[in-house]
């Protein structure tokens, strides 16, 4: 027991060695170890608190998923800021002694961490203004998918291929963003259809509307509609306009279903769908007779 006690005393003495002084406060290995443990505990507890608020407490309300996630994230950031200050004070570190360090960190943030700070501030703007929220179908740049998580630095978007793409938050503030479900999950799709000249306009219009009404993913209210958009080089150009709430995340599938049904319906009724034709004309060059020698 004497040897174990001696080893314990030596370890205790090593932990009490002063590495540096921050103002009048000595910084020891023991203090650093305590700070690391408390900070890890703070991050863990704040994450659990966010889940508790977003997925437990606010579920009982009629609040949307995106709003619950936003409130949970904001509460977590507040707890992290307050908790960090409390941990430093509890450890005996005078925050006024950090003024010089804070100034140096501020300069570093201004030069070396511009993108990180920009993305973090953009994340706060997204959480408060909510131009996008969890569950929205968005398009930003070349990325299209569903928003599944909004973090402090980036937002996770899952595509139709089940690929998660991490998008910096600043993109949602500085670039044009298409939000398919910002107001409500109801989107109008436009399907172009070209038929040959000589086709009966009223018949074509009726067939287009019939196909739209028979599709289970097309809403009956607002009702589908058609427009004769132009008289093109190949034929009369119609446009079928249909509303949907079920396939806004798979608009290619809805377009394919409608195009398939339209082709079958039009061909059954003897209405020609023209294909692109090119007329080639060959001109024979005039023969010139050589002058007599």
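In my numbering, the protein residues as written are 5 to 297. Note that CB positions come from ideal geometry on N, CA and C, so glycine has one too.
Pull up the distance between the alpha-carbon of residue i and that of residue j, whole angstroms please.
i           : j           : result
residue 85  : residue 35  : 20 Å
residue 178 : residue 143 : 14 Å
residue 53  : residue 195 : 47 Å
residue 165 : residue 260 : 17 Å
residue 48  : residue 174 : 26 Å
residue 57  : residue 81  : 13 Å
residue 202 : residue 210 : 16 Å
residue 187 : residue 131 : 16 Å
residue 32  : residue 43  : 17 Å
residue 225 : residue 247 : 8 Å
residue 151 : residue 276 : 43 Å
residue 92  : residue 163 : 42 Å
residue 161 : residue 55  : 20 Å
Quick check on residue i: buried or exposed, where buried means 16 or more other Cβ atoms within 10 Å of its Cβ?
i           : result
residue 239 : buried
residue 287 : exposed
residue 228 : buried
residue 73  : buried
residue 123 : buried
residue 297 : Residue confidence for residue 297 is low, a pLDDT of 48 falling below 50, so the modelled location carries little weight; the figure read from the coordinates is stated next. Looking at its Cβ environment, which holds fewer than 16 other Cβ atoms inside 10 Å, residue 297 is exposed.
residue 159 : buried
residue 140 : buried
residue 220 : exposed
residue 268 : exposed
residue 149 : buried
residue 90  : exposed
Given a cut-off of 9 Å on the beta-carbon distance, is the pair residue i and residue j in contact?
i           : j           : result
residue 199 : residue 270 : yes
residue 262 : residue 193 : yes
residue 329 : residue 212 : This structure leaves residue 329 out entirely; the chain is present only between 5 and 297.
residue 183 : residue 136 : yes
residue 207 : residue 273 : yes
Figure out for me which residue from the options has the closest Cα to the Cα of residue i.
i           : options           : result
residue 266 : 65, 253, 64, 242  : 242
residue 317 : 214, 169, 190     : Nothing can be reported for residue 317, as the shown portion of the chain is limited to 5 through 297.
residue 125 : 156, 76, 138      : 156
residue 233 : 50, 215, 274, 205 : 205
residue 77  : 62, 41, 118       : 62
Every unbroken beta strand (DSSP E) within the stretch 231 to 286, with a cutoff of 3 residues, ordered by chain: Within the stretch 231 to 286, the complete beta strand (DSSP E) runs of at least 3 residues are 240 to 248.
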